[in-house]
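Under UniProt numbering, the first residue of the sequence shown carries the number 1, and numbering increases by one thereafter.
Using N, Cα and C, we set each Cβ at its ideal position, and we do this for glycine too.
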Amino acid sequence: MIECIATDMDGTLLNSLQQISQENKEAILKAQAQGIEVVVATGRSYQEATYVLADAGVKCPIICVNGAEVRTKEGNVLTSNPIDKQLAREAAAKLTEHDVYFEVYTNNGAYTINMDLAVSILVDIIVSANPDVDRDEVAHAAGARLRDGLIQVIEDYEELFADEAQQIYKLLVFSFDPVKLQEAGKFLSEFEELAVSASGHENLEITHKQAQKGVALEAFVKAHGIDLAETMAIGDNFNDISMLQRAGKSVAMGNASDVIKSLCDVVTNTNEENGVAKAIVDVLRKSVRD
1 MIECIATDMD GTLLNSLQQI SQENKEAILK AQAQGIEVVV ATGRSYQEAT
51 YVLADAGVKC PIICVNGAEV RTKEGNVLTS NPIDKQLARE AAAKLTEHDV
101 YFEVYTNNGA YTINMDLAVS ILVDIIVSAN PDVDRDEVAH AAGARLRDGL
151 IQVIEDYEEL FADEAQQIYK LLVFSFDPVK LQEAGKFLSE FEELAVSASG
201 HENLEITHKQ AQKGVALEAF VKAHGIDLAE TMAIGDNFND ISMLQRAGKS
251 VAMGNASDVI KSLCDVVTNT NEENGVAKAI VDVLRKSVRD
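Right under this line is the structure:
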């Protein structure tokens, strides 16, 4: 019997308009009403994740920044796995040396030194998860990321590395040049304390090696007295693999790549077709039959 459901956001819980559909919302609320722990597991910062969840009226624990931080539904920090400041500084220097753009995610949100590329990154993630959408329309909507202060502009990332109040959670690397991106992934993977993943065709997500969705989910369910065998994970991209592999039941979105689908027990509908709602409802029906 499923006691915990973990769902990714972009390309999974969210549709191409970056919204939680009414069907997905109702399924989550129904699962919660039956005592099932629902947790969102996302590469987004806490600030970006709650921005969307609050708009839909959904409240739940959040595994943020691929597992770098876990928060309760009230927003209290349960655990965090930041990158060592000096290590982050060295990785950032390498990226700068190779002329690769990146953002820095901290416990206080996301930061950029280039406003235009910041929007492009979000557009890439959305379009990668929803290939049929109009890129220009997505770009216009993505501008809200800056207008609403979900990402902050800073002159030099050294300000973050030198600030004791800032914990470095993630470097989000972005490039339209596949060769440059591949090279970046290669030299970043040489840092043994770092994990390298991706949430779109033109990005890399760099976190502490313990800051992975699967690692965070395993710790989360254990703290709640739930076995991983009683956990269902839903996702669509490569940064979801660690939790899809650990969960007792793994569900791939209909819009996921064949690689992701091959790793999962079940394939649900696409994110445009309320795939999360279908996966949840199917599990609830099975538990009633059992």
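Item: Boundaries (first-last residue) of the alpha helix (DSSP H) holding G214; Value: K213 to A223
Item: Anticipated Cβ contact below 8 Å, A68 with Y169, distance rounded; Value: 4 Å
Item: The region 34-52 touching the region 198-216, judged by at least three CB pairs closer than 8 Å; Value: yes
Item: Start and end residues, beta strand (DSSP E) containing I234; Value: T231 to G235
Item: The region 216-226 touching the region 85-96, judged by at least three CB pairs closer than 8 Å; Value: no
Item: Per DSSP, the bridge partner or partners of H208; Value: L194
Item: According to DSSP, residues forming a beta bridge with V104; Value: Y111 and L171
Item: Boundaries of the beta strand (DSSP E) in which S250 is found, first to last residue; Value: K249 to A252
Item: Helix, strand or coil at R246 according to DSSP, with G and I counted as helix; Value: helix
Item: Reduced DSSP category for R71 - H, G, I as helix; E, B as strand; rest coil; Value: strand
Item: Touching by the beta-carbon criterion (3+ pairs, under 8 Å), the region 3-13 and the region 238-254; Value: yes
Item: Identity of the residue in V100, R71, R285 and K278 nearest E183 by Cα; Value: V100
Item: Within 8 Å, strictly: CB atoms of L204 and L181; Value: yes
Item: S262 (DSSP reduced to helix, strand or coil); Value: helix
Item: CB of I234 within 8 Å of CB of M253, strictly; Value: yes
Item: For Y157 and D163, the rounded distance between their alpha carbons; Value: 10 Å
Item: Q19 in three-state terms, based on DSSP; Value: coil
Item: Buried versus exposed, by CB contacts within 10 Å (16 or more), H208; Value: buried
Item: Residues that DSSP places opposite V267 in a beta bridge; Value: A252
Item: Span of the beta strand (DSSP E) around S78; Value: Looking at the sequence itself, residue 78 is Leu, so the reference to Ser does not match. V77 to S80 is the span of the beta strand (DSSP E), which, as asked, contains L78.
Item: Classification of A33 by the beta-carbon crowding that lies within 10 angstroms, buried from 16 upward; Value: exposed
Item: Cross-strand partners of V153 (DSSP beta bridge); Value: T112
Item: Which of helix, strand or coil DSSP assigns to N239; Value: helix
Item: T79 versus V70 - alpha carbon distance; Value: 5 Å
Item: Inter-stretch contact (C-beta, 8 Å, three-pair minimum) for the region 55-65 and the region 119-135; Value: no
Item: Environment of residue 315 [buried if 16+ CB atoms lie within 10 Å]; Value: Residue coverage of the chain in this structure runs from 1 to 290, which leaves residue 315 outside it and unanswerable.
Item: 6 Å Cβ shell around A256 - same chain, five flanking residues per side excluded; Value: D236
Item: T7 - DSSP class collapsed to helix/strand/coil; Value: strand
Item: Alpha helix (DSSP H) segment containing D90, residue limits; Value: For clarity, residue 90 is Glu in the given sequence; the question names Asp instead. It spans K85 to E97 - the alpha helix (DSSP H) in which E90 sits, taken as one unbroken run.
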